[in-house]
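All remarks here apply to the structure that follows.
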Amino acid sequence: MADRQVESKSKTPKPFRESTDVQQGKTVFIRNLSYDSLEEDVEELFLQFGGIKYVRLVVDPQTEHSRGTGFVQFNSKEAADKCVQQANTEGLSLAGRRLTVSIAVSRQQAQKLTEDKKEKKPTDKRNLYLAREGLIRPGTQAAAGLTDKDLAMRQKVEKIKREKLKNPAIFVSDVRLCVRNVPLNMGDKELRKLFLKTLGDKNVHITESRIMRDLKNVNSQGVGKSRGYGFVSFSQHDHALRALRETNNNPNVLPGGRRLIVEFSLENKLALKKQEMRLAKAKAARQATTKDNKKQQPATNGRSAPANKKPTQPTPSLENSSQQQTLSRKQKRKQRQKERREKIQQEKLDRLDGDFEVSNQQSGVKAVRGTKGLPSHLGPKIRQRDRGKVVQKVAKKPKARNTLTKTKQEPLKQRKAQTPSQPSRRSNKPERKEEAKFDLLVHRYKEKLFGKDSGGQMKKSKWFNE
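All you need for the numbering used here is the position in the sequence shown, starting with 1, plus 178.
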């Protein structure tokens, strides 16, 4: 019997499992493969390191196209180590793409690594958490002093912001503020002074202060009419956050109790990239022109001058030299401003892909990064109670215990028989009307019989004739 059991166990087919050498270190994992690359192309490239057992490309099960990654298993661990070393030092390229090669790990370890990377990387690359800053909804305590016109303007701005943020290329800037409800007579310099005065900090540096104007509607001086809003950019996020929280909905900033609508500006990633490309082309063109000018200048020796050289001109006056100095200073200042703008634009683009710590050491406040964007509900905030007022709790009377009485224990038919039938209120109304009519009729007959002044007494008269 025991021999038969052993034979039956040996005959049962075992499930097929593909052999893996993850623990041995013979398999390498390849990234950045071209989607058009085949297994034969990968095998031909990696045969220089040693014998290959198999090549597998990772395919998407839905689209059935390559994901740009794959595995190569060598016959020896030395070949795999040699392949990884050369890929990290000299580099391996296939179809014009540099490959990233590393030793393959187990599936559990790979999942753990991906989870750790997800925890480190920020989930909000578009800074949507900053879209909540400056938002005031009707029904909140912040909207207590606002007029209906201001509330309608804020709701309109919020709707426009929601529509723009549906585009994945739009992100919220962390250093640039959009300022609305600006007086029409305010210029760029006045806007800059207003924010510097409100913050009152010498370390605050404003890189941009601009009022948007209508270029079609120009006055006699050639200046367009103000559109009522502008932009203010800061060098640091902390300063921008402080400026927003101190100027937004503040009745003391502008005269007459006028309140600014301040929020973080919405930027277009594609437009910034195009602007960066234009700046790079302009810079390359300037460098090319300077090189051409240097080549065109004749090579002269510093000690000996040519025979046909013109005599030296007299030195310019002091006025001309001072003018040249001022011009050179202006040119240097413009060059520094251009370089600063290019640096700011580059920082904006780099910030999209990287993470940065959002803190405010100056004011002690912090903008919390997270997945929260704008609130899901649009419109006024409706509360069941006013959070501004302290609601006093009224002591409730203790409820009487529900004790079973004799009447409840009696059957329902007996209780109906014992209780006298009381007419409803609706049935009493017609009876009262009839009684009132009858009383009025009796009163009229009494007046006819006894007279109005008799007071209801019968006249003394003989009923017979003498």
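For every residue, glycine included, the Cβ atom is placed at its ideal position computed from N, Cα and C. Bear in mind that the values here come from a model prediction, so they are computed numbers and not experimental data.
DSSP state of G408, grouped into three classes?
-> In the three-state scheme derived from DSSP, where H, G and I count as helix and E and B as strand, G408 is classed as strand.
According to DSSP, which residues form a beta bridge with L329?
-> Answer by DSSP bridge pairing: none, since L329 is not bridged.
Short Cβ contact (8 Å threshold) for G408 with R388 = Taking 8 Å as the Cβ cut-off, G408 and R388 qualify as a contacting pair.
K510 versus E517: straight-line alpha-carbon distance, rounded | Per the coordinates, the alpha-carbon of K510 lies some 11 Å from the alpha-carbon of E517.
Round the Cβ separation of G406 and N359 to the nearest angstrom and send it over; I've been treating them as touching at under 8 Å.
-> The Cβ separation is near 7 Å, so the contact holds.
For Q414, three-class secondary structure by DSSP = DSSP places Q414 in coil when its eight states are reduced to three.
Between the beta-carbon of V279 and the beta-carbon of A265, is there less than 8 Å?
-> In this structure, V279 lies near A265, with their beta-carbon atoms less than 8 Å apart.
Boundaries (first-last residue) of the alpha helix (DSSP H) holding D219 = Boundaries of the alpha helix (DSSP H) harbouring D219: 217-224, taken from the DSSP string.
Could you give the residue range of the alpha helix (DSSP H) that holds F442?
-> No alpha helix (DSSP H) holds F442; the beta strand (DSSP E) holding it covers 439-446.
List the DSSP bridge partners of K403.
-> Beta-bridge pairing links K403 to D392.
In terms of alpha-carbon separation, which member of A320, E368, N305 lies closest to R354?
-> Here the closest residue by C-alpha is N305.
Rounded C-alpha distance that separates G229 from H415 | Cα to Cα, the separation comes out at about 56 Å.
State yes or no: is the C-beta of E424 within less than 8 Å of the C-beta of T376?
-> Taking C-beta atoms as the reference points, E424 and T376 count as a pair closer than 8 Å.
Mind checking R436: buried by the 16 CB within 10 Å criterion, or exposed?
-> Exposed.
From the DSSP output, in three-state form, read off K231 for me.
-> The answer is strand: DSSP assigns K231 an E or B state.
Where L272 sits in the DSSP three-state scheme | Here L272 sits in strand by DSSP.
Please work out which residues of its chain come closer than 7 Å, Cβ to Cβ, to M390, disregarding the five sequence neighbours upstream and downstream, and give them in chain order.
-> Cβ-Cβ distances below 7 Å link M390 to R405, Y407, G408 in the same chain, with the five nearest sequence neighbours on each side left out; the list follows chain order.
Is the CB-CB distance between L438 and N430 below 8 Å?
-> Their beta carbons are not under 8 Å apart, which means L438 does not touch N430 by this criterion.
For S387, which three-state DSSP category applies?
-> In the three-state DSSP reduction, S387 falls in the strand class (E or B).
Compute the Euclidean distance between the alpha carbons of L272 and Q465, then round it to the nearest angstrom.
-> Roughly 35 Å between the two C-alpha positions.
First through last residue of the alpha helix (DSSP H) which encompasses V262 | From DSSP, the alpha helix (DSSP H) with V262 extends over 255-267.
Would you tell me roughly how many angstroms separate the C-alpha atoms of E625 and A614, rounded to the nearest one?
-> Those two C-alpha atoms are separated by around 17 Å.
C261 versus K231: straight-line alpha-carbon distance, rounded | Each residue's alpha carbon lies about 15 Å from the other.
Measure how close the beta-carbons of L308 and V335 come, nearest whole angstrom, since I'm counting them as under 8 Å.
-> In fact, because the Cβ distance is near 15 Å, the residues do not count as touching under 8 Å.
Inter-residue CB distance, G248 and V233 (contact presumed, cutoff 8 Å) | Contact flag correct, Cβ pair sits at about 7 Å.
I281 CB to nearest heavy atom of the ligand FAD below 7 Å = This structure lacks the ligand FAD, and indeed carries no ligand of any kind.
Which first and last residues belong to the beta strand (DSSP E) in which D352 is found?
-> In this chain, the beta strand (DSSP E) harbouring D352 covers 348-358.
With DSSP run on the structure shown, which of helix, strand or coil describes S506?
-> In the structure shown, S506 falls within a helical segment according to DSSP collapsed to helix, strand and coil.
Tell me whether R622 is buried or exposed, calling it buried when 16 or more other Cβ atoms sit within 10 Å of its Cβ.
-> Classification for R622: exposed.
When we look at the beta-carbon of E441 and count the other beta-carbons within 10 Å, is it buried (16 or more) or exposed?
-> By the 10 Å Cβ count, E441 comes out buried.
The beta strand (DSSP E) with T205 in it runs from where to where?
-> According to the DSSP assignment, T205 belongs to the beta strand (DSSP E) that extends over 205-209.
Euclidean distance between Cα positions of N381 and K367 = Taking the straight line from one Cα to the other gives about 18 Å.
Rounded C-alpha distance that separates L419 from C356 = Between L419 and C356, the C-alpha separation is close to 12 Å.
Between which two residues does the beta strand (DSSP E) harbouring R245 extend?
-> Looking at the DSSP string, the run of the beta strand (DSSP E) that includes R245 is 244-252.
Taking the alpha carbon of S212 as the point to measure from, which residue in S244, T205, K255, E218 has its own alpha carbon closest?
-> Out of S244, T205, K255, E218, S244 has the C-alpha closest to the C-alpha of S212.
T376: first and last residue of the uninterrupted alpha helix (DSSP H) it sits in = Taken as a continuous stretch (DSSP letters only), the alpha helix (DSSP H) holding T376 covers 366-377.
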